[in-house]
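One structure is given here, and the rest of the page talks about it.
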Amino acid sequence: MALALQQLINGLTLGAVYGLIAIGYTMVYGIIGMINFAHGDIYMVSAFIAVTAFTALSMADISSVPLSLLLVLLVAVLFTSVYGWAVERTAYRPLRGSTRLAPLISAIGMSIFLQNMVQLTQGARVKPIAPVLVGGIDLLSVDGFTVRLAYSQILIVLVTVALMAGFTYLITKTSFGRQQRSCEQDRTMTALLGINVDRTISLTFMLGAALAAVAGVMVTVYYGVVDFYIGFVAGIKAFTAAVLGGIGSLPGAMLGGLIIGLIEAFWAAYLSAEYKDVATFAILILVLMFRPSGLLGRPEVEKV
Amino acid sequence: MSAATPLLRVDRLTMRFGGLLAIDDLSLDVAARQITGVIGPNGAGKTTFFNCLTGFYKPTIGSVRMHHPRHGVLRLEELASHQVARRAQVVRTFQNIRLFPQMTVLENLIVAQHNALQHASRFSLAGLFGLPGYRRAEAAAMGKAIGWLTRLGLIDKADTPAGALPYGMQRRIEIARALCVDPLLLCLDEPAAGLNPRESAELNELLKRLSRDDGIAILLIEHDMSVVMNVSDHICVLNYGRKIAEGPPLAIQRDPNVIKAYLGEEDADEQLPPETTP
Amino acid sequence: MATLVLATRQESAAARLKDAATVAVVALLLGIPMIGLTTVDQGGALRVATRWPALAAFVAACFCGRLLLRYVIDRLRQRRRTREHADTATPNENTAANPWLNRLGWGALAFALLLPVAFSDNRYVVDTATTVLIYVMLGWGLNVVVGLAGLLDLGYVAFYAVGAYTYALLSTQFGWGFWQALPVAGGVTASFGILLGWPTLRLRGDYLAIVTLGFGEIIRIVLVNWTEMSGGPNGITSIPRPSFFGLPFKPPGDAPTFAAAFGLEFSPSHRVIFLYYLILLLALLTNLFVSRMRQLPIGRAWEAMREDEIACKAMGINARNVKLSAFAIGAMLGGFAGVFFAARQGFISPESFTFNESAIILAIVVLGGMGSQLGVVLASLVLVLLPELGRDFAEYRMLLFGAAMILIMIWKPGGILAHREPTLRYLSGSAAR
Chain S
11 MALALQQLIN GLTLGAVYGL IAIGYTMVYG IIGMINFAHG DIYMVSAFIA
61 VTAFTALSMA DISSVPLSLL LVLLVAVLFT SVYGWAVERT AYRPLRGSTR
111 LAPLISAIGM SIFLQNMVQL TQGARVKPIA PVLVGGIDLL SVDGFTVRLA
161 YSQILIVLVT VALMAGFTYL ITKTSFGRQQ RSCEQDRTMT ALLGINVDRT
211 ISLTFMLGAA LAAVAGVMVT VYYGVVDFYI GFVAGIKAFT AAVLGGIGSL
261 PGAMLGGLII GLIEAFWAAY LSAEYKDVAT FAILILVLMF RPSGLLGRPE
311 VEKV
Chain H
373 MSAATPLLRV DRLTMRFGGL LAIDDLSLDV AARQITGVIG PNGAGKTTFF
423 NCLTGFYKPT IGSVRMHHPR HGVLRLEELA SHQVARRAQV VRTFQNIRLF
473 PQMTVLENLI VAQHNALQHA SRFSLAGLFG LPGYRRAEAA AMGKAIGWLT
523 RLGLIDKADT PAGALPYGMQ RRIEIARALC VDPLLLCLDE PAAGLNPRES
573 AELNELLKRL SRDDGIAILL IEHDMSVVMN VSDHICVLNY GRKIAEGPPL
623 AIQRDPNVIK AYLGEEDADE QLPPETTP
Chain U
6 MATLVLATRQ ESAAARLKDA ATVAVVALLL GIPMIGLTTV DQGGALRVAT
56 RWPALAAFVA ACFCGRLLLR YVIDRLRQRR RTREHADTAT PNENTAANPW
106 LNRLGWGALA FALLLPVAFS DNRYVVDTAT TVLIYVMLGW GLNVVVGLAG
156 LLDLGYVAFY AVGAYTYALL STQFGWGFWQ ALPVAGGVTA SFGILLGWPT
206 LRLRGDYLAI VTLGFGEIIR IVLVNWTEMS GGPNGITSIP RPSFFGLPFK
256 PPGDAPTFAA AFGLEFSPSH RVIFLYYLIL LLALLTNLFV SRMRQLPIGR
306 AWEAMREDEI ACKAMGINAR NVKLSAFAIG AMLGGFAGVF FAARQGFISP
356 ESFTFNESAI ILAIVVLGGM GSQLGVVLAS LVLVLLPELG RDFAEYRMLL
406 FGAAMILIMI WKPGGILAHR EPTLRYLSGS AAR
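Chains as they are written, first to last, in the working numbering: chain S, 11 to 314; chain H, 373 to 650; chain U, 6 to 438.
Below is the structure:
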């Protein structure tokens with residue numbers, strides 16, 4: 011029971027991170043109808059920026075945890091958004107209206123490029139940082155097993171909830187949100203109405219990257235280690251989350267993230283830690299086979 | 373088959389997309405060896421009707437029965453889209469041309485004969501070793517393709533990639549490709565769209581010959597009234613998914629319902645040329 | 006078409022400078038966290054290190070590069086415009102076979118046949134050439150799936166792994182020989198191809214890509230963790246090497262050996278040369294097989310499926326079977342390459358079958374030009390030889406390949422040597438082929 015509660019906490023934390031990354035996949039899919047394979051790597055880049063920023067702050071003797079978190083978030087979000095923008099501008103925009111396969115391949119190329127770029131400039135070794143947020147609340151103790159809610163976990167969940175609220179407001183209530191949704195429905199018509207479609211798509215990529223940056227900072231705080239390969243696995247899992255929730259649906263992405271996080275946590279605890287990634291992939295395949303529109307997505311009618 | 377039995381009987385077909393009723397209780401008979409026109413304003417459900425016939429959509433309610441000379445009665449709405457073409461020999465073209473653009477015109481027509489060739493190639497083994505049976509089948513397929521290309525005046529473009537040809541020609545290639553599947557019923561979705569008057573006139577001739585000389589039944593969606601009124605033996609008018617009129621061209625041209633719903637109140641004469649050229 | 010996006014209509018020098026300056030600013034922003042700053046381990050704790058000169062060089066390079074690129078693009082566009090005015094008739098490049106390419110292909114084949122003779126005393130060259138040929142074979146196999154059928158497979162290495170492990174297990178556990186195991190391994194990998202293809206058939210292209218990626222990872226994770234079967238991370242060792250029709254490549258001993266049978270003095274390079282010719286044979290057979298398949302109904306159906314799946318269905322083609330056959334045959338060819346790999350190395354472990362390997366094979370197919378047999382050879386050569394040129398090249402190899410994949414897609418989505426030869430012709434009388 012205690013173990014289950016602990017895994018529930020861990021799973022929700024993990025799920026919040028996957029959800030944040032999944033939103034980036036879902037938004038980009040919604041607006042240009044393709045999977046941004048490089049999104050996981052954007053998240054990885056942001057984790058490295060976070061490592062550098064945390065290290066710089068600790069060298070500058072800034073010891074206030076809230077202040078350093080805020081600064082790192084700001085820096086990571088800013089720089090990562092530029093990465094999101096640049097990825098769209100170089101690898102995807104020139105290929106709009108090209109063959110079906112071309113943007114997929116250039117996305118793979120971008121993913122390979124970013125991974126190797128980070129490996130070359132930041133090193134292939136695992137980067138451990140000094141713990142930022144230590145401690146937690148002991149919830150209960152059964153038979154010597156203590157259920158612990160770490161402060162970093164509280165932080166992750168709170169930040170995610172706040173971001174989701176802000177984001178929902180942005181998409182449903184603001185002018186940018188309307189433009190973004192109208193681009194999803196009909197890009198040509200949106201352009202005819204005098205809306206700058208290119209700008210809207212760029213902003214969508216930047217927003218997705220910003221959310222991935224938050225996820226990257228959170229993961230750095232949570233695990234304390236980062237390497238250039240984290241984007242690959244997290245990317246697939248977040249993508250699975252987006253598909254499970256129904257690609258194109260924002261609440262779906264969050265829901266999918268939470269489900270994947272929980273399944274992974276419980277699978278690792280009760281079945282087998284080695285095969286937890288296999289569980290995710292199996293879910294992905296099953297969802298695509300039996301319910302390709304996901305839990306909250308709209309079914310796609312094949313246009314003939 | 374007696375003259376009374378239609379080739380295709382559509383019975384109370386209904387197609388619903390969420391809240392949208394795209395086709396509403398449509399019944400229609402398509403006679404063998406005849407040209408049946410389906411007209412109606414944009415969004416009347418014509419293409420949806422084709423998609424239901426050819427297995428791309430599963431209708432919500434209703435049936436489509438095909439009286440096949442060899443296979444008996446086939447329920448098209450229960451067949452997968454490729455089975456509609458293969459077993460029922462109901463073959464369609466598309467409103468927004470769907471050729472294999474990088475492949476040559478000839479290859480497009482050979483691909484349409486895939487099933488016969490694949491059978492002759494015996495899981496590709498006979499083909500891999502170039503056995504005589506396969507070679508004969510391939511020669512026959514080439515012969516059929518070249519025959520249609522010659523008839524449709526496309527033979528000098530046989531080795532050109534289909535995507536590189538002008539629009540009007542691509543429309544004709546799509547029809548030629550469909551003909552290579554040996555259709556009993558050919559469903560043409562706006563074959564005259566984008567054609568110039570001369571090409572339209574040629575199309576008229578072709579359709580008439582296909583139905584009269586080759587015995588192919590044709591179901592024709594078309595906006596170009598000079599084509600529909602000219603070639604159709606029978607016309608069905610759809611509006612908002614419902615059939616509002618049905619009959620021979622002359623009757624349709626005078627039908628007040630059609631004029632009102634489809635053409636507006638007064639300009640009937642302008643858009644529906646009453647005289648038909650032979 | 007691509008240049009349209011790379012550069013908007015600006016031709017004055019000031020506009021070009023301004024554009025290059027914008028690029029430089031973006032480069033600066035991108036470069037600060039990755040090039041300008043890094044963290045280094047100092048006594049167990051990370052410290053930030055700066056590399057401002059490198060960053061400055063990077064930004065300057067971006068500025069100058071953009072300026073130059075812009076100039077070249079503008080020039081090219083101008084020239085194209087004048088040329089388009091000059092002749093209205095577009096030359097039909099697609100239908101004319103390129104004799105130059107054909108000659109290059111035969112030349113490459115002759116070179117490949119003579120290579121071990123020319124370098125018989127240089128084991129390193131023959132070894133490297135063998136590696137190139139393994140990638141050529143993998144590239145030709147993946148070409149069936151990606152180039153012909155248009156299905157993006159990001160987990161191709163899984164089939165390579167299945168082939169390698171099948172041979173390793175059959176030979177070490179049951180004492181099977183190379184030639185016995187080869188067809189069985191082909192059958193096993195083809196079944197795996199169908200296993201992967203089955204659930205993914207109805208999926209759109211990008212879903213398919215990510216599922217294949219997941220499939221590749223599943224196979225790798227199983228290989229790492231199922232220790233009883235695969236030996237886990239340690240892999241399988243002492244896999245028997247192929248013999249020359251039963252004659253092993255060994256120093257003279259009791260049993261008859263290759264060297265003894267042919268009255269040669271024993272030399273370890275015999276085996277290297279034999280392995281080279283073996284993979285050359287396998288690769289050529291693959292090439293022959295794939296080019297022949299392409300001219301058969303099934304091959305044309307693959308290409309038609311790539312062009313338009315809906316139209317295929319309307320022509321009565323069973324899309325499911327066509328896709329499955331592409332998956333199965335692509336997988337089988339990858340499996341054959343895997344068998345050879347295991348037999349050549351004598352040792353395999355999951356480390357040889359990571360996503361990176363799938364990415365390399367995909368890069369070979371994409372860069373070579375999807376559907377182009379010769380292009381695959383050239384891309385494999387570059388990819389394998391680049392790291393041999395020096396450590397720097399080895400480090401930058403995948404970075405360059407990632408960038409090249411993007412650029413190729415923008416510049417020539419069909420690949421550098423993109424040229425599609427029709428499978429049959431009306432005019433040249435190939436009806437009686």
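Glycine included, every Cβ here is placed at the ideal spot set by N, Cα and C.
Report all residues from its chain with a CB closer than 7 Å to the CB of Asp596 of chain H; omit the five preceding and five following residues, and keep chain order.
Only residues of its own chain outside the window of five on either side were considered, and among them Ala564, Ser572 have a CB closer than 7 Å to the CB of Asp596 of chain H, listed in chain order.
Grouping DSSP H, G and I as helix and E and B as strand, with all else coil, what is Pro621 of chain H?
Note: Pro621 of chain H maps to helix in three-state DSSP.
Based on Cα-Cα distance, which residue from U:Val28, U:Val141, U:Arg82 lies nearest to Ser385 of chain U?
Minimum Cα-Cα distance from Ser385 of chain U among the listed residues U:Val28, U:Val141, U:Arg82 corresponds to U:Val141.
Would you decide whether Ser17 of chain U is buried or exposed? Buried here means 16 or more other CB atoms lie within 10 Å of its CB.
Sixteen is the threshold: since fewer than 16 other Cβ atoms of the shown chains lie within 10 Å of the Cβ of Ser17 of chain U, the residue is exposed.
Hey, is the segment 605-619 of chain H in contact with the segment 435-453 of chain H, meaning 3+ C-beta pairs nearer than 8 Å?
Between the segment 605-619 of chain H and the segment 435-453 of chain H, the count of Cβ pairs shorter than 8 Å is below three; the stretches do not touch.
Considering only the alpha carbon of each residue, which of S:Asp51, S:Met11, S:Gln17, S:Ala12 lies closest to Ile246 of chain S?
Here the closest residue by C-alpha is S:Asp51.
Given a limit of 8 Å on CB to CB distance, which residues of the segment 46-77 of chain U reach chain S?
For the segment 46-77 of chain U, which is checked against every Cβ of chain S, the residues closer than 8 Å are Asp46, Ala50, Leu51, Arg52, Val53.
From what residue to what residue does the beta strand (DSSP E) around Thr242 of chain U run?
Per DSSP, Thr242 of chain U lies in no beta strand (DSSP E) and is assigned neither H nor E.
Got a sec: is the Cβ-Cβ distance from Ser435 of chain H to anything in chain U below 8 Å?
Interface annotation, Ser435 of chain H: not in contact with chain U, CB-CB separation never under 8 Å.
Using a Cβ-Cβ distance cut-off of 8 Å, determine whether Gln190 of chain S contacts chain U.
Under the 8 Å criterion on CB atoms, Gln190 of chain S is classed as non-interfacial with respect to chain U.
Members of the segment 222-254 of chain U that neighbour chain S once the beta carbon cut-off is set at 8 Å
Of all residues in the segment 222-254 of chain U, Glu222, Ile223, Ile226, Val227, Val229, Asn230 have a Cβ within less than 8 Å of some Cβ in chain S.
May I ask you to list the residues that DSSP assigns as paired with His606 of chain H?
For His606 of chain H, DSSP records a beta bridge to H:Thr408.
Going along the chain, which residues of its own chain have a beta-carbon closer than 6 Å to the beta-carbon of Pro96 of chain U, five neighbours each way excluded?
With a pLDDT of only 43 at Pro96 of chain U, under 50, the local geometry of the prediction cannot be trusted, and no value is derived from it.
For a quick check, are the C-beta atoms of Ala457 of chain H and Val553 of chain H less than 8 Å apart?
Yes.
Going by beta carbon distance, what residues of the same chain come within less than 8 Å of Ala113 of chain U, once the five residues before and after it are set aside?
Cβ neighbours of Ala113 of chain U beyond the five flanking positions: Leu379, Val382.
Keeping to the same chain, check which residues put their C-beta closer than 6 Å to that of Arg225 of chain U; ignore five residues upstream and five downstream.
Hits under 6 Å: Pro355, Phe358.
Option nearest Leu471 of chain H by Cα separation, candidates H:Gln461, H:Ala509, H:Lys430, H:Ala550:
Each of H:Gln461, H:Ala509, H:Lys430, H:Ala550 was checked against the Cα of Leu471 of chain H, and the nearest Cα belongs to H:Ala550.
Bridge-paired residues (DSSP) for Val152 of chain S:
Residue pairing of Val152 of chain S in beta bridges, as defined by DSSP: S:Phe155.
Secondary structure of Ala225 of chain S, DSSP reduced to three states:
Under the three-state reduction of DSSP, Ala225 of chain S is assigned to helix.
Pull up the distance between the alpha-carbon of Ile59 of chain S and that of Gly256 of chain S, whole angstroms please.
The straight-line gap from Cα to Cα measures roughly 31 Å.
Identity of the residues DSSP links to Asn611 of chain H by a beta bridge:
According to DSSP, Asn611 of chain H bridges with H:Arg614.
Leaving aside the five residues before and after Ser78 of chain S along the sequence, list all residues of the same chain whose C-beta is less than 6 Å from its C-beta, in chain order.
Taken in chain order, the residues that qualify are Leu67, Ile72.
Residues of the segment 390-424 of chain U in Cβ contact with chain H at a cutoff of 7 Å, in chain order, please.
Within the segment 390-424 of chain U, no residue qualifies.
Excluding five sequence neighbours on each side, which residues of the same chain lie with their C-beta closer than 6 Å to the C-beta of Gly241 of chain S?
Here Gly241 of chain S has Gly50, Asp51, Tyr53, Met54 as same chain residues with Cβ atoms under 6 Å from its own Cβ, once five neighbours each way along the sequence are excluded.
DSSP beta-bridge partners for Gln47 of chain U?
Note: Gln47 of chain U sits in a beta bridge opposite U:Ala50.
In terms of alpha-carbon separation, which member of H:Ala404, H:Gln406, H:Gly391, H:Met387 lies closest to Asp397 of chain H?
Out of H:Ala404, H:Gln406, H:Gly391, H:Met387, H:Met387 has the C-alpha closest to the C-alpha of Asp397 of chain H.
Just the Cα atoms here: how many angstroms apart are Gly182 of chain U and Leu252 of chain U?
Roughly 12 Å separates the two Cα atoms.
With Leu254 of chain S and Ile293 of chain S assumed to form a contact (beta carbons below 8 Å), what rounded beta-carbon distance in angstroms separates them?
Going by Cβ atoms, the distance from Leu254 of chain S to Ile293 of chain S rounds to 7 Å, so yes, they are a contact pair.
Compute the Euclidean distance between the alpha carbons of Gly110 of chain U and Gly187 of chain S, then round it to the nearest angstrom.
One C-alpha to the other measures close to 55 Å.
Please classify Asp641 of chain H as buried or exposed, where buried requires at least 16 neighbouring CB atoms within 10 angstroms.
Caution is warranted here: a pLDDT of 48 is assigned to Asp641 of chain H, below 50, making its placement in the model unreliable, and the coordinate value is therefore given only provisionally. Per the 10 Å Cβ criterion, exposed.
Residue from S:Thr230, S:Val235, S:Ser162, S:Gln195 whose Cα sits closest to the Cα of Met42 of chain S:
Here residue 42 of chain S is Ile; the residue named in the question, Met, does not match the sequence. Considering only S:Thr230, S:Val235, S:Ser162, S:Gln195, the residue with the shortest C-alpha distance to Ile42 of chain S is S:Gln195.
For a cutoff of 8 Å on Cβ pairs, would you count Thr476 of chain H as touching chain U?
Yes - at least one Cβ of chain U is within 8 Å of the one on Thr476 of chain H.
When you compare only the Cα positions, how much space is there between Pro620 of chain H and His491 of chain H?
Rounded to whole angstroms, Pro620 of chain H to His491 of chain H spans 42 Å at the Cα level.
Interface partners of Phe472 of chain H on chain U, CB under 8 Å:
Those within 8 Å of Phe472 of chain H in chain U are Glu308, Ala309, Glu312, Asp313, Ala316.
In the DSSP output, what is Arg447 of chain H paired with across the bridge?
Per DSSP, H:Arg437.
In chain U, which residues lie less than 7 Å from Ser598 of chain H when you measure between Cβ atoms?
Chain U residues near Ser598 of chain H: none, gap ~27 Å exceeds 7 Å.
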